[in-house]
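For the sequence shown, the UniProt record's numbering assigns the number 1 to the initial residue and increments by one for each residue that follows.
Structure, as structure tokens:
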Amino acid sequence: MTCYRHPDREAYVRCQRCERFICPECQVEASVGFLCPDDAGGTVTQLNRRRTRAARIRQSGPRPVVSLSLIAVNVAIWLLQVMPGSYVTDLLAYVPQLTGIQPWRMLTAGFVHDPSNFLHLLLNMYSLYIFGQVLEPMLGRARFLALYLISVFGGSVGVLLLANPDNWVVGASGAIFGLMAAYFVILRQLGQNSGQMLGLIAINLVFGFFSSGVSWEGHVGGLVTGGVVALVLANTRMLSQQSAQRLGLVGVVLALVLLTVFRMQVLGL
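In structure tokens:
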């Protein structure tokens, strides 16, 4: 008798499922005895590699797919912005006085950056990567994406409420401040030390107030919005509270919409 995979080798053991003869190299130990590689899903070496890879994934945690996707989108749009003759910045930047006729700019502005300053993109994407690695596994992909997009919207609302109507604003900073606020709120809810996070938020806020060309209004809007969204998520964590969580998030969005409409009426836009 020879191994069905190695005809030149003698075999005295049968697979417990298909009953084909298997040599020692092809014997995969299982609870029912020995299986052949076909029934076991691979050879011993292949199965060990898969187990090692799975263990590494468990140790490093799930990949922040949404965060990496958002980074990819931001980088791709920036590359389009810097192309000669590109109108991407003009089409996607947020200008408060255009809110009534082009409201989508309140979201698209969070995906465009200063085309003349790569550092602007780099710092925001690095921050997104850092906080995304922490928050996305904690919240889940859908909730993390909701937090990010609502914070972008909130940042634009902050610009509409506090900045000049003819200001041009680009960048994901509002969303980044939303992520920082969310992480602070979650740390507080978990009873962990949040002092360092508070200090980081304060330093970045102060930097925005005293730096020319930086939209501190968007920072404040994103910060407040991210904190409120995090409060909603943190207080509706139970499976039985999923409906309340969705209603809470919808309520935050509706509040931002109402603030937008109110401010537009005040400005006569």
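Every residue, glycine too, gets a C-beta built ideally from N, C-alpha and C.
- Put simply, of 68, 222, 269 the residue whose alpha carbon is nearest the alpha carbon of residue 157 is 222.
- Counting the other CB atoms within 10 Å of its CB gives residue 124 a total of 16 or more, which places it among the buried residues.
- Closest option to residue 155, judged by alpha-carbon separation, among 144, 145, 178, 166: 178.
- Following the DSSP letters along the chain, one finds residue 206 inside the alpha helix (DSSP H) bounded by residues 195 to 210.
- Per the C-alpha coordinates, the member of 89, 126, 130 positioned closest to residue 114 is 89.
- Taking C-beta separations shorter than 6 angstroms and ignoring five residues to either side along the sequence, the partners of residue 259 in its chain run 157, following chain order.
- Residue 201 and residue 217 have their C-alpha atoms some 14 angstroms from each other.
- Per the DSSP secondary-structure output, residue 14 pairs in a beta bridge with 21.
- Per DSSP, residue 140 is not a residue of any beta strand (DSSP E), being assigned neither H nor E.
- By the neighbour-count definition (other C-beta atoms within 10 Å, threshold 16), residue 225 is a buried residue.
- Listed as beta-bridge partners of residue 146 by DSSP are no residues whatsoever.
- Annotation for residue 30: the continuous beta strand (DSSP E) segment containing it runs 28 to 30.
- Residue environment: residue 63 is assigned as exposed (fewer than 16 neighbouring CB atoms within 10 Å of its CB, all protein chains considered).
- Residues 132, 136, 141, 144, 145, 148 of the same chain have their beta carbon placed closer than 8 angstroms to that of residue 66, with the five preceding and five following residues left out of the count.
- Pairing residue 219 with residue 229, the inter-Cα distance amounts to about 15 angstroms.
- The beta carbons of residue 76 and residue 93 sit no closer together than 7 angstroms.
- With contacts defined as CB atoms closer than 7 angstroms, residue 269 and residue 97 qualify as a contacting pair.
- Put simply, the backbone Cα of residue 45 is about 18 angstroms away from that of residue 4.
- Within the same chain, 193, 194, 197 come within 8 angstroms of residue 187 by CB-CB distance, once the 5 residues on both sides are set aside.
- Where residue 256 is concerned, the enclosing alpha helix (DSSP H) starts and stops at 242 to 267.
- Counted as a single uninterrupted DSSP element, the stretch harbouring residue 107 is not any beta strand (DSSP E) but the alpha helix (DSSP H) occupying residues 105 to 108.
- Residue burial annotation: residue 183 is buried, with at least 16 other C-beta atoms found within 10 angstroms of its C-beta.
- A straight line joining the alpha-carbon of residue 71 with that of residue 175 spans about 12 angstroms.
- Classified as exposed, residue 244 has fewer than 16 neighbouring CB atoms from the shown chains inside 10 Å of its CB.
- By the beta-carbon neighbour count (other beta carbons within 10 angstroms, threshold 16), residue 2 is exposed.
- Residue pairing of residue 34 in beta bridges, as defined by DSSP: 29.
- DSSP places residue 177 inside the alpha helix (DSSP H), whose first and last residues are 173 to 189.
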